[in-house]
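Scroll down for the structure; my scribbles are underneath it.
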Amino acid sequence: MSCVTAKHRWRLTQGNKVKQSILPALASFGIALSSALTATEYPDKPVRVLVPTLAGSTPDVVARAVAPGLGVRLGNRFIIDNRGGANGLIGTELAARATPDGHTLLLGTTATLTVMRHLHKEVPFDALKDFVPIGLVSVRPYLVVVNPSLPARTLGELLALAKARRGGLIYASAGRGSATHLAMEFFASVTGIKLRHVPYKNSPQAVAAIVGSRVEASMLSIRDAYGHVLAQRLRALATTSSRRSPQLPQVPTAAESGLNGFEAITWFALLAPAGTPRSIVERLNTALGEVVVTPEVRARFVREGVEPADADAAVLRRLIKRDIEFYGNLTRLSGVKVN
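Using my numbering, the letters of the sequence shown correspond one by one to residues 4 to 342.
If you want it as structure tokens, here you go:
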């Protein structure tokens, strides 16, 4: 026979209810405190930034431009780790599978995060599920360029020439599914012109083909085209950004040339593996926003032909979602497939 009275049972019951309400609150407080301590202590060792391209490439230059400033602001070194191969898939997968403690980050690109999923049957990561955005770092516009022998000195004249030709213009790209290939296909879809594509293995080969008059036109990065434009081996008709390039201020934008609303850019962004504490992501975002506007980084970006971007995580997430849909539609329209 139990000696616990009804009064005692009520007290025991109430005690259990109090425990049931207090314990989750204590747990939540513990998680919040742990997160705060994590953010305060972070980074407690060097941070590895995986770049899924080779040293010397534009993503590599962008990463190396911001790494020192991030290190100064956060109190530890940011080390660039180039893991090129398989069109950027190898390095990006390594970042996706890394421990989500903020000590391994990814310098992601338009190609690796939004395009490759439409060109390859199997991509070993999901840009929206496997990563958390930290912020945009920079964007890269292109130049619409032609061989000087082509009788077109403006974008309008190029379009008129292309429309008058039954076979269309012959253009070079850095390979099937490359940024220059997709940019030209987008250009053709917007303007209604016909194009004949000649893919090369890389950008230097595509540039050599235009300079050597083996093809007539292309879209090239400012980095690839700049010296040839100055030497008049190539003629730049327009930039695909919403504003003129500081390196080539005499070249009008596509919008100024009559192609209203046309913009073709690729972007570079900093991301962390999914599950990285929010407090760490916010610290990284704040530091990145400060770094990209410094005169040193801006000057390095100008030399590389890229522009500083809005380092906002929400903007980046929306951009990834938008570009996944955009490149899905564009690759279907153009019939582009790598494997």
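Beta carbons are placed, not taken as given, at the ideal position from N, Cα and C, and that holds for glycine.
When secondary structure is reduced to three states using DSSP, A130 falls in the coil class, being assigned neither helix nor strand.
The beta-carbon separation of Y203 and G178, rounded to 7 Å, stays under the 8 Å limit for a contact. Restricting attention to alpha helix (DSSP H) runs no shorter than 4 residues, the segment 56-104 encloses them at 61-77, 92-99, ordered along the chain. Contact check between the segment 155-174 and the segment 298-306: fewer than three CB pairs, one atom from each, fall below 8 Å, which does not count as touching. Burial is judged here by how many other beta carbons sit within 10 angstroms of a residue's own beta carbon; P144 has at least 16 and is buried.
In this structure, the CA atom of A211 is about 18 Å from the CA atom of M187. Under a 10 Å Cβ-count criterion, I82 is classified as exposed, with fewer than 16 other Cβ atoms of the shown protein chains found around its own Cβ. Along the length of the segment 188-214, whole beta strand (DSSP E) runs at least 3 residues long occupy 198-202, reported in chain order. Selection E328, Y330, A99, V296 evaluated against S141 yields V296 as nearest (Cα-Cα).
At least 8 Å separates the beta-carbon of I93 from that of A275. The DSSP-derived three-state label of S244 is coil.
Taken in chain order, the whole beta strand (DSSP E) runs of length 3 or more contained in the segment 213-239 are 220-224. Residue A257 holds the alpha-carbon nearest to the alpha-carbon of S245 among R236, R238, A234, A257. Around the beta carbon of V193, a 10 Å sphere encloses fewer than 16 other beta carbons of the protein chains shown; the residue is thus reported as exposed.
Pairing L110 with N288, the inter-Cα distance amounts to about 13 Å.
Y145 has S224 as its beta-bridge partners, per DSSP. Separation of G171 and H200 (C-alpha to C-alpha, rounded to the nearest whole angstrom) is 10 Å.
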